[in-house]
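*Asks:* Here's a structure for you.
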Amino acid sequence: MRKAHTLLLLFILFTLPCAAQNNLTMEDSVLLVYDVAPEYPGGTSALFKFLQNEVQLPTIPDSISLPQRMYFEFIIDTAGRLDSLRVIRSSGYPPLDKAYFEAIQNMPRWTPGILAGKKVVVKMKMPVRIEFN
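The opening residue of the sequence shown carries number 3 in my numbering; numbering runs sequentially from there.
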């Protein structure tokens, strides 16, 4: 009898979260899948130009070795606003992370993502290549 109770308990534990998820609408969910990706106004080249103009690069000591890329993650909501920005792979030099973070945080609204003809909230990951002359 003990085994039956354990199985029943496991069944209840695994079905309750699934039932709760069915109440979510597409507008409430943050999606990783979409028909049309969110787009920065003017496209990728305009995004690169924006970052070149807006990032105030700090002085980086020669003793610091930096990776070639850093990564940011953020959400583009249905109005095209950027939200929940975070660094997911740091440069290892906090002033550089902060410079890019502040520039990305101040980006203009994007064109939101679309799924099944509706605007949706989309989670984005953006790599930033670090190059110094």
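Every residue gets a Cβ at the ideal spot worked out from N, C-alpha and C, and that includes glycine. Given the structure is predicted, the values throughout are model-derived calculations rather than measurements.
Would you call the CB atoms of Arg71 and Arg91 closer than 8 Å?
*Replies:* Yes, Cβ-Cβ distance for Arg71 and Arg91 is below 8 Å.
*Asks:* With a threshold of 6 Å on Cβ separation, who are the neighbours of Ile66 within its own chain once the five nearest residues in sequence on each side are excluded?
*Replies:* Tyr95.
*Asks:* From Gly82, Ala118, Pro97, Glu133, pick the residue whose C-alpha is nearest to that of Met126; which is it?
*Replies:* Among Gly82, Ala118, Pro97, Glu133, the Cα nearest to that of Met126 is on Gly82.
*Asks:* Is it the case that the stretch 50-66 contacts the stretch 113-120, given that we only count it when at least three CB pairs across the two stretches are under 8 Å?
*Replies:* The stretch 113-120 vs the stretch 50-66: no contact.
*Asks:* For Glu56 versus Ala105, is the C-beta spacing smaller than 8 Å?
*Replies:* The answer is yes: Cβ separation under 8 Å.
*Asks:* Assuming Val123 and Phe74 form a contact by the criterion Cβ under 8 Å, report the distance between their Cβ atoms to the nearest whole angstrom.
*Replies:* With 8 Å as the limit, Val123 and Phe74 do not qualify as a contact, their Cβ atoms being about 17 Å apart.
*Asks:* From the DSSP secondary-structure annotation, give me the bridge partner or partners of Asp85.
*Replies:* Per DSSP, Ile77.
*Asks:* Taking the C-alpha atoms as reference points, what is the distance between Tyr102 and Phe52?
*Replies:* Between Tyr102 and Phe52, the C-alpha separation is close to 11 Å.
*Asks:* Going by DSSP, name the residue or residues bridged to Pro129.
*Replies:* According to DSSP, Pro129 bridges with Tyr73.
*Asks:* Can you name, in chain order, every residue of its own chain whose Cβ lies under 7 Å from the Cβ of Tyr36, other than the five neighbours on each side?
*Replies:* If we look at Tyr36 and ignore the five residues flanking it on each side, its Cβ neighbours are Gly115, Ile116, Leu117, Val122, Val124.
*Asks:* Apart from the five residues on each side of it in sequence, which residues of its chain come closer than 8 Å, Cβ to Cβ, to Pro69?
*Replies:* Taken in chain order, the residues that qualify are Arg91, Ser93, Gly94, Ile132.
*Asks:* State the start and end residues of the unbroken beta strand (DSSP E) segment that holds Asp106.
*Replies:* Checking the sequence shown, residue 106 turns out to be Ile, not Asp. Premise fails: Ile106 lies in the alpha helix (DSSP H), 96-107, not in any beta strand (DSSP E).
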